[in-house]
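Everything below concerns the one structure shown next.
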Amino acid sequence: MQALADNPAFWLFLVIVLVAVYLLPTLIAVIRGTDRLALVFLVNLIGAPSGIGWFAAMILAFGPRRLPPAPASVMPARPQPMQWPAGTWDAWQGNETVPPS
1038 MQALADNPAF WLFLVIVLVA VYLLPTLIAV IRGTDRLALV FLVNLIGAPS
1088 GIGWFAAMIL AFGPRRLPPA PASVMPARPQ PMQWPAGTWD AWQGNETVPP
1138 S
């Protein structure tokens, strides 16, 4: 056991694991894309030593996600001109004789 305690690789591994567990709520919030990432980080950083803050940050990490941006609507550059039925405009202009009804 003394050999393990004297090994610097063991202590480096232990510190990395402890930091990962300490920042687990923040890591989850980053991966999930949580809406209030800064709040999760601050609650995690300040409140985690008490234990209650760590659980509060974990709850916030599973909170609402960011909504993806709405797709831009594709509108035509300008509307198409109105198409009159064949022969109707000529009848209005008097160029074509309309049979009596």
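For the working numbering, add 1037 to where a residue sits in the sequence shown, where the first one is 1.
All residues carry an ideal CB built from backbone N, CA and C; glycine is no exception.
Just so you know, these numbers come straight off a predicted model, no measurement behind them.
CA nearest to the CA of residue i, picked from the options
i     : options                    : result
I1065 : L1051, L1055, M1095        : M1095
Y1059 : L1041, F1047, I1089        : I1089
V1056 : M1038, L1074, G1070, W1091 : W1091
C-beta contact flag for residue i and residue j at 7 Å
i     : j     : result
G1100 : A1093 : no
A1098 : V1080 : no
L1041 : F1047 : yes
D1072 : R1115 : no
Span of the alpha helix (DSSP H) around residue i
i     : result
Q1039 : 1039 to 1043
Residues that DSSP places opposite residue i in a beta bridge
i     : result
T1071 : R1102
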